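These notes concern the structure reproduced below.
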Amino acid sequence: GQQLNQSPQSMFIQEGEDVSMNCTSSSIFNTWLWYKQDPGEGPVLLIALYKAGELTSNGRLTAQFGITRKDSFLNISASIPSDVGIYFCAVNTGANSKLTFGKGITLSVRP
Amino acid sequence: GAVVSQHPSRVICKSGTSVKIECRSLDFQATTMFWYRQFPKQSLMLMATSNEGSKATYEQGVEKDKFLINHASLTLSTLTVTSAHPEDSSFYICSARDEVGVETQYFGPGTRLLVL
Numbered sequence: 246g247q248q249l250n251q252s253p254q255s256m257f258i259q260e261g262e263d264v265s266m267n268c269t270s271s272s273i274f275n276t277w278l279w280y281k282q283d284p285g286e287g288p289v290l291l292i293a294l295y296k297a298g299e300l301t302s303n304g305r306l307t308a309q310f311g312i313t314r315k316d317s318f319l320n321i322s323a324s325i326p327s328d329v330g331i332y333f334c335a336v337n338t339g340a341n342s343k344l345t346f347g348k349g350i351t352l353s354v355r356p
Numbered sequence: 669g670a671v672v673s674q675h676p677s678r679v680i681c682k683s684g685t686s687v688k689i690e691c692r693s694l695d696f697q698a699t700t701m702f703w704y705r706q707f708p709k710q711s712l713m714l715m716a717t718s719n720e721g722s723k724a725t726y727e728q729g730v731e732k733d734k735f736l737i738n739h740a741s742l743t744l745s746t747l748t749v750t751s752a753h754p755e756d757s758s759f760y761i762c763s764a765r766d767e768v769g770v771e772t773q774y775f776g777p778g779t780r781l782l783v784l
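Sequence lines, in order, name chains A and B.
Going from the first sequence to the numbering used here is simple: count from 1 and add 245.
Going from the second sequence to the numbering used here is simple: count from 1 and add 668.
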């Protein structure tokens, strides 16, 4: 089936640092989404990308939809402790806008 | 932004009993809702697509008789785990699709199920 690749599984950064996360696929998708999940909570949509090459920002977050439509990256600038959580990329697959999620990257921020 | 609620947030039950989880879209109508399951340190796995007024569509490997889905109104979908067993213990998350404007899925806060 369709697979989204996110690695590494965990990232550790210092407060104030920037961090970039990548999500790749062997298939083409027309919508890329980035979600953040806090422990014991449901995912929250951070950024949605609908057009190849699109660069979108949401506060300290910036995400880009790759030109090949097979990848996307999410950048967090000037990280703060509340950025801790699991970051998932997701794509729309099939009818009814079903989502397929990557395995997620757990981000830890050292104060 | 749009809000999706789930009830209960946590449930502990005995093996063999059935558990119902509710998912509500609070400020928008959703003809389509989705049910996911998430094991510790793993990603979300789609279980089924809940369609208002019609039968749910289950993903491969998900037993429809075990996980009963009812989507009786445009703001409510329920997932019933029938004859629950310890291996059904998991985090169940629903999402609702807001079809107005740019289509977006909003997720509920999840339900932690523990089957003893």
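C-beta atoms are modelled at their ideal positions from N, C-alpha and C, and glycine is treated no differently.
Since we're looking at a predicted model, the values are computed, not measured.
9 angstroms Cβ cut-off: residues of chain B touching residue i
i, result
"L344(A)", "F702, Y704, L712, L714, S763, Q773"
"G347(A)", "S711"
Residue i in three-state terms, based on DSSP
i, result
"S693(B)", "strand"
"S327(A)", "helix"
"S686(B)", "coil"
"D263(A)", "coil"
"S711(B)", "coil"
"D733(B)", "coil"
"D756(B)", "helix"
"P763(B)", "A quick correction: the sequence has Ser, not Pro, at residue 763(B). In this structure, S763(B) counts as strand in the three-state DSSP scheme."
"T673(B)", "One point to set straight first is that residue 673(B) is Ser, not Thr, in the sequence displayed. Strand."
Own chain residues within Cβ distance below 8 angstroms of residue i, not counting five before or after
i, result
"I258(A)", "V264, S324, L352, S353, V354, R355"
"T750(B)", "S686, D733, K734, F735, L736"
Beta-carbon proximity list for residue i, same chain, < 6 angstroms, skipping 5 on both sides
i, result
"S741(B)", "none"
"L290(A)", "Y280"
"L278(A)", "A293, A335"
Residue i versus residue j - alpha carbon distance
i, j, result
"Y774(B)", "A308(A)", "19 angstroms"
"T313(A)", "S271(A)", "10 angstroms"
"T792(B)", "E262(A)", "The structure shown has nothing for residue 792(B), since chain B only spans 669 to 784."
"S677(B)", "P777(B)", "8 angstroms"
"N320(A)", "G684(B)", "46 angstroms"
"A763(B)", "K296(A)", "In the sequence as displayed, the identity of residue 763(B) is Ser instead of Ala. Computed Cα separation, rounded: 23 angstroms."
"L714(B)", "P326(A)", "30 angstroms"
"G298(A)", "K682(B)", "51 angstroms"
"T315(A)", "T269(A)", "The sequence shown places Lys at residue 315(A), not Thr. Going from the Cα of K315(A) to the Cα of T269(A) covers about 6 angstroms."
"K723(B)", "T743(B)", "16 angstroms"
"D283(A)", "G721(B)", "33 angstroms"
"I350(A)", "L306(A)", "15 angstroms"
"N719(B)", "E260(A)", "44 angstroms"
"D756(B)", "L781(B)", "8 angstroms"
"M256(A)", "T301(A)", "23 angstroms"
Where residue i meets chain B, residues with beta-carbon distance less than 8 angstroms
i, result
"K296(A)", "What K296(A) touches in chain B: nothing, since even the nearest Cβ is about 12 angstroms away."
Chain-ordered neighbours of residue i on chain B, where CB pairs are closer than 7 angstroms
i, result
"A308(A)", "Near A308(A) there are no residues of chain B at all, since even the closest Cβ is about 15 angstroms away, more than 7 angstroms."
Amino acids of chain A, ordered along the chain, whose beta-carbon sits closer than 9 angstroms to that of residue i
i, result
"G776(B)", "G287"
Cβ of residue i within 8 angstroms of any chain C Cβ
i, result
"S758(B)", "No chain C appears in this structure, whose protein chains are A and B."
Identify each residue in the region 723 to 750 of chain B for which the Cβ-Cβ distance to at least one residue of chain A is less than 7 angstroms, and report them in chain order. none
Which residues, taken in chain order from the region 269 to 293 of chain A, show a beta carbon closer than 9 angstroms to some beta carbon of chain B? Along the region 269 to 293 of chain A, going in chain order, the ones with a CB nearer than 9 angstroms to a CB of chain B are T276, L278, Y280, Q282, G285, E286, G287, P288, V289, L290, A293.
Relative to chain B, which residues along the region 313 to 334 of chain A have a C-beta separation below 7 angstroms, given in chain order? F333
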